[in-house]
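J.:
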Amino acid sequence: MALPRARVLVTGGAGFIGSHLCEALLAEDCEVLCVDNFYTGTRHNVAHLVGHERFELLRHDVTFPLYVEVDQIYNLACPASPIHYQRDPVQTTKTSVHGAINMLGLAKRVKAKILQASTSEVYGDPEVHPQVESYWGHVNPIGARSCYDEGKRCAETLFFDYHRQHRLQIKVARIFNTYGPRMHPDDGRVVSNFIVQALRGEPITIFGSGAQTRSFCHVSDLVAGLIRLMETPAEITGPVNLGNPETLTIRELAALILAKTGSRSEIVGRKLPEDDPRQRQPDIALARRALGWSPTVPLAAGLDDTIAYFRNMLSGIGAPDRAPDPAPVSPA
Ligand code: NAD
Ligand code: UDP
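No gaps in the numbering here: position 320 of the sequence shown is 322 in my numbering, and each next residue is one more.
1. Please classify E55 as buried or exposed, where buried requires at least 16 neighbouring CB atoms within 10 angstroms.
2. Taking A200 as the reference, give the member of W295, G126, V141 and L258 with the closest Cα.
3. Do the CB positions of V174 and Q214 come within less than 8 Å of each other?
4. Closer than 7 Å to a non-hydrogen atom of the ligand UDP - does that hold for the CB of L274?
5. Is the beta carbon of L293 sitting closer than 8 Å to the one on V225?
6. Which class does N314 belong to by DSSP, given the choice of helix, strand or coil?
7. Ignoring anything shorter than 4 residues, give me the alpha helix (DSSP H) runs that lie fully in the region 145-230, in order along the chain.
8. Identify, in the order they occur along the chain, each residue of the same chain with its Cβ nearer than 6 Å to the Cβ of V124, setting aside the five sequence neighbours on each side.
9. Per DSSP, what are the beta-bridge partners of S120 in this structure?
10. Tell me which residues share the same chain as V221 and place their Cβ nearer than 8 Å to its Cβ, disregarding the 5 neighbours each side in the sequence.
11. At a cut-off of 7 Å, is F209 close to the ligand UDP when judged by its beta-carbon and the heavy atoms of the ligand?
12. Just confirm the distance between the C-beta atoms of P187 and V270, as a whole number of angstroms; I'd bet it's less than 8 Å.
13. Closer than 7 Å: is that where the CB of G20 sits relative to any heavy atom of the ligand NAD?
14. Determine whether the beta carbon atoms of I177 and T121 lie at a separation below 8 Å.
15. What residues in its chain sit with their C-beta under 6 Å from that of I281, if we drop five residues either side in the sequence?
16. Short of 8 Å in beta carbon distance, which residues of its chain neighbour R103, apart from the five on each side in sequence? Order them along the chain.
17. How would you write the range of the alpha helix (DSSP H) that C24 sits in, first residue to last?
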């Protein structure tokens, strides 16, 4: 007899990573419930999935309880780009912390496995390089990035306490910078910013000296890693780093995008944002060992498909180039 289909909840499913995850889960024959309040995600990201017999879209804010019946939960709901998560920092902390409590409570009630989309930001401005999961991080608790960094750290704490106290099956992924189609053109993250600036012939804005380093993982690799992690045996909880160790400076990234787009945009300097990490590179030995996972898309190839996506969008062929829906008004 065939096993029953997994019923999977993806919070933040209408966002950049979430929409790719919903697609991949449908391809794996799952029933997918995508929950999103459209704060930074858009209906457009999942418009092609609406109407699929195993896909359902629900507008809901995870800071409020949710009562559904599912077997697995991927908790991705949270704005991820610095300009978005700093726009309403209190809501960002609430989304991370209350959202985690609500989704963990749901997982406990229905005995679902639950995966948290944590972040390399839990390492802050790291003094250990590359970052290993055993490193506790170097995070400012009161700065502009703290609503996100500390919110995500607290969510990890909650996951591990629910695991110890209530025997919940948890999986914690520490996601490093991820890029690809469906990033929002105005979300301020460096890959989308540089590509959109280059295609529009606008100045490429390098924050600080541009000597800070990052490692960029293509969204298809990241989604494969998340699904692999969810499928691991119960004793594997993470946290596990998911990212591409290929590292470059922000200045090198600008040069690569200029070359690939053939743009003649000039490079201009801008002030470095507060607490901007100087270096970041995942150590993915654990992911290789425990998940048998490593990224397969080199940056050069991943940039090609991301540039093609934004080219279509800016010429009006692809997704609409518009701001995300405004924040929903919370009930009093
Ligand atoms: P995104 O902003 O595109 O997606 C986040 C989604 O969550 C959006 O659709 C948004 O509308 C939704 N959301 C926000 N608050 C919500 C709430 N209170 N209730 C319901 N939905 C809500 O960002 P993304 O890049 O797709 O990131 C997805 C997850 O991965 C986030 O949790 C983020 O912290 C994590 N992450 C992303 C990266 C990256 O490089 N993209 C790196 C590390 C971690
Ligand atoms: N950055 C930049 N120009 C931009 C946007 C970002 O130089 O237009 C820099 C930013 O200061 C940071 C790096 O690129 O050092 C990555 O920024 P992003 O916001 O994409 O992610 P995060 O800082 O969270 O890693």
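For glycine and all other residues, C-beta sits at the position ideal for the given N, C-alpha and C.
T.: Here's the rundown:
1. exposed
2. L258
3. no
4. yes
5. no
6. helix
7. 148-168 and 192-202
8. G139, K154 and R155
9. R176
10. F18, I19, H22, T180, Y181, G182, P183 and R184
11. yes
12. Contact doesn't hold; Cβ gap of about 19 Å is too wide.
13. yes
14. yes
15. The sequence given here has Gln at residue 281, not Ile. Cβ within range, chain order: H131 and T215.
16. Per the sequence presented here, residue 103 reads as Ile, with Arg not at that position. Excluding positions up to five away in sequence, the list reads L160.
17. F18 to A29
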